[in-house]
Amino acid sequence: MNHRQIEDQFSVGVYQKRDLVIVRGEGARVWDEAGREYVDCVAGIGVANVGHCHPAVVAAIQSQAARLITCNEIFYNDARARVLERLDRITPEGINRFFLCNSGTEAVEGAIKFARMATGRKHVVAAMRGYHGKTLGSLSATWERKYKEPFAPLVPEFSHMPYNNAAEFEKAIDDQTAAVILEPIQGEGGVRPATAEFMQAVRRACDEKGALLIIDEIQTGFGRTGRMFACEHFGILPDILTMAKGIAGGVPMGAIGIDRRVGEIEKQSHTSTFGGNPLACAAATAAIDVLVGQDLPRHAAETGAYFVERLRAMASPRVREIRGLGLMIGLELKEKAGPFAQALMQEGVLALLAGTTVLRFLPPLVISREQIDRVVDTLAHVLGAAPRSAAE
Ligand SMILES: Cc1ncc(COP(=O)(O)O)c(C=O)c1O
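In this note's numbering, each number is its position in the sequence shown, counted from 1, plus 832.
Here you go:
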């Protein structure tokens, strides 16, 4: 059996797989079994922010693996202390204590628990089209019905309001609200940025009613949108920040950051065997040092602007709208996007979907202008549009 057949036979089969076996990556490129190269605008779904197999991340993993791989948080550890210091340095003002975990959905689970514990309230207000993960608590905050219905009943006391509608959120936030949870740009929901007015209005309503604001930066964090965290675009500070994806250069890791106003979290109320393990912590320290040292958020802002400019210059009647910030870009079509993602792959470009009509581009932040040119020219080709440079 080949690799495809083995996976098809022995995995549960919940993933909608593409017919490609990826075996190697470097920077913004990956290679398949036959040695064919692809420009990777999937990046493990927005994970490889510093690029695939960044040498500093590889070296940190190798060296930590030879010293200590596992050490539960019942003990102190040098690698963990180093990453905590860095998270404190790069996260928004006020966020200064962290719970380390292993994935995005786990960060959201913990954030909901901490918010309920800190406020003594139960209700969580989330957004329509929002996505926060698929374990039962996070799934309760997620909007998409088809992910939720088969698993009902979910966690009670969640409601969903229209994104970017300040008045509806203000109405929904009251003295029973433990937290509001929001993505600064809805990723899975179609790459839809929030407005600053909306985020600021929700921040104010939370303050007035004593509710906590959880900003889910699992997809938008670590430089993706042109700032280290996307909430910086909107002039607001979260009470709780959820992180994962780009945090550790590709190694599974998540984190919850909390502001001091969240108060004390009771001992043993939330724990994880693998949380804060030295291997992930060493990888994250290296990845954060690369993000900061090479100023990748600024690079994402500049190359993202170039990417969008080139997309806008592409004259295609199939395109409805181009949205995004930094290197989190969505191209909404007037028809189903799936066949175009497939065609792009055949031409050596990997892109994601966000819903049925949106092509989503989440490349490593180290992607070059030449690689972006290749992506846009290929896209123009598969859309049957005339490729033009941004200047034209
Ligand atoms: C905003 C957001 N929150 C939560 C998650 C869930 O993360 P994970 O897939 O690591 O559980 C995702 C994943 O795409 C996400 O984009």
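Backbone N, C-alpha and C fix where the C-beta goes; we use that ideal spot for every residue, glycine too.
With 16 other Cβ atoms within 10 Å as the buried cut-off, status of residue i
i: I1199; result: buried
i: H835; result: exposed
i: D840; result: exposed
i: F1066; result: buried
i: K1099; result: exposed
i: Q1008; result: exposed
i: T1117; result: buried
i: P1070; result: buried
i: S935; result: buried
i: G1170; result: exposed
i: V1214; result: buried
i: F983; result: exposed
i: T974; result: buried
i: R921; result: exposed
Residue i in three-state terms, based on DSSP
i: Y847; result: coil
i: Q1203; result: helix
i: S970; result: helix
i: H1213; result: helix
i: P873; result: The sequence shown places Cys at residue 873, rather than the Pro named in the question. Reduced to three states, the DSSP call for C873 is coil.
i: E1064; result: helix
i: R1150; result: coil
i: M1177; result: helix
i: S895; result: helix
i: P1070; result: coil
i: L1159; result: coil
i: Q837; result: helix
i: V1190; result: strand
i: L986; result: coil
i: A1223; result: At A1223, the pLDDT of 49 sits below 50, so the modelled position is not reliable and the matter cannot be decided from this model.
i: E858; result: strand
i: R1232; result: Any answer about residue 1232 is impossible in this case: the structure gives the chain only from 833 up to 1224.
Rounded separation between residue i and residue j - CA only
i: Q990; j: I1097; result: The sequence shown places Phe at residue 990, rather than the Gln named in the question. If I take the Cα positions, the gap works out to 22 Å.
i: A1222; j: A1145; result: Residue confidence is low: A1222 scores 49 on pLDDT, short of 50, so the model does not pin down where it sits. No coordinate-derived value is stated.
i: V940; j: P985; result: 19 Å
i: R918; j: M833; result: 45 Å
i: E1064; j: P1016; result: 10 Å
i: E1224; j: I1154; result: Confidence in E1224 is poor, its pLDDT being 49 and thus under 50, which makes the residue's placement too unreliable to answer from.
i: G1162; j: V862; result: 21 Å
i: G845; j: L852; result: 16 Å
i: I1050; j: I901; result: 24 Å
i: K849; j: R1201; result: 29 Å
i: F1106; j: A1183; result: 31 Å
i: Y870; j: F1030; result: 38 Å
i: I1068; j: I838; result: 48 Å
i: A950; j: K1041; result: 14 Å
i: V1023; j: F842; result: 33 Å
i: E1002; j: Q1032; result: 11 Å
i: A1212; j: V890; result: 35 Å
i: V915; j: G1136; result: 28 Å
i: A898; j: E865; result: 29 Å
Beta carbon of residue i nearer than 8 Å to that of residue j
i: G926; j: D1091; result: yes
i: G876; j: Y963; result: no
i: K1166; j: R1152; result: yes
i: D1127; j: A888; result: no
i: I893; j: A1173; result: no
i: I1046; j: A1011; result: yes
i: G1125; j: N881; result: no
i: H884; j: G867; result: no
i: L1157; j: L1197; result: no
i: A1186; j: G1019; result: yes
i: E1164; j: V1181; result: no
i: P1226; j: C873; result: The structure shown does not extend to residue 1226, since the chain spans only 833 to 1224, so no value can be given for it.
i: L1143; j: V1208; result: yes
i: G978; j: L971; result: First, the residue type needs correcting, since residue 978 is Lys and not Gly in the sequence shown. Not in contact: K978 and L971 (Cβ atoms no closer than 8 Å).
i: S1104; j: K945; result: no
i: D1048; j: I1079; result: no
i: A913; j: Q896; result: no
i: E905; j: G1082; result: no
i: T1027; j: N996; result: yes
i: I1072; j: A959; result: no
i: P988; j: G1058; result: no
Best match in the options for proximity to residue i [C-alpha to C-alpha]
i: D1006; options: V957, N934, R929 and P924; result: V957
i: P1149; options: N909, E1141, G1216 and E858; result: G1216
i: T1052; options: F1193, A1147 and M1177; result: F1193
i: A1004; options: I1013, M993 and F930; result: M993
i: A947; options: P1171, A1119 and R1093; result: R1093
i: K1077; options: S1101, T937, Y908 and R953; result: T937
i: Y908; options: L1191, F1001, E865 and C1113; result: C1113
i: R929; options: G1095, V855 and N904; result: G1095
i: I1204; options: H1213, Y1138, A1147 and M960; result: Y1138
i: G952; options: L1044, M1075, F1001 and L1073; result: L1044
i: M1177; options: T1210, G878 and V879; result: T1210
Distance cut-off 7 Å: residue i Cβ against heavy atoms of ligand 3
i: A1076; result: Annotation note on ligand 3: not contained in the displayed structure, which lists ligand 1 as its ligands.
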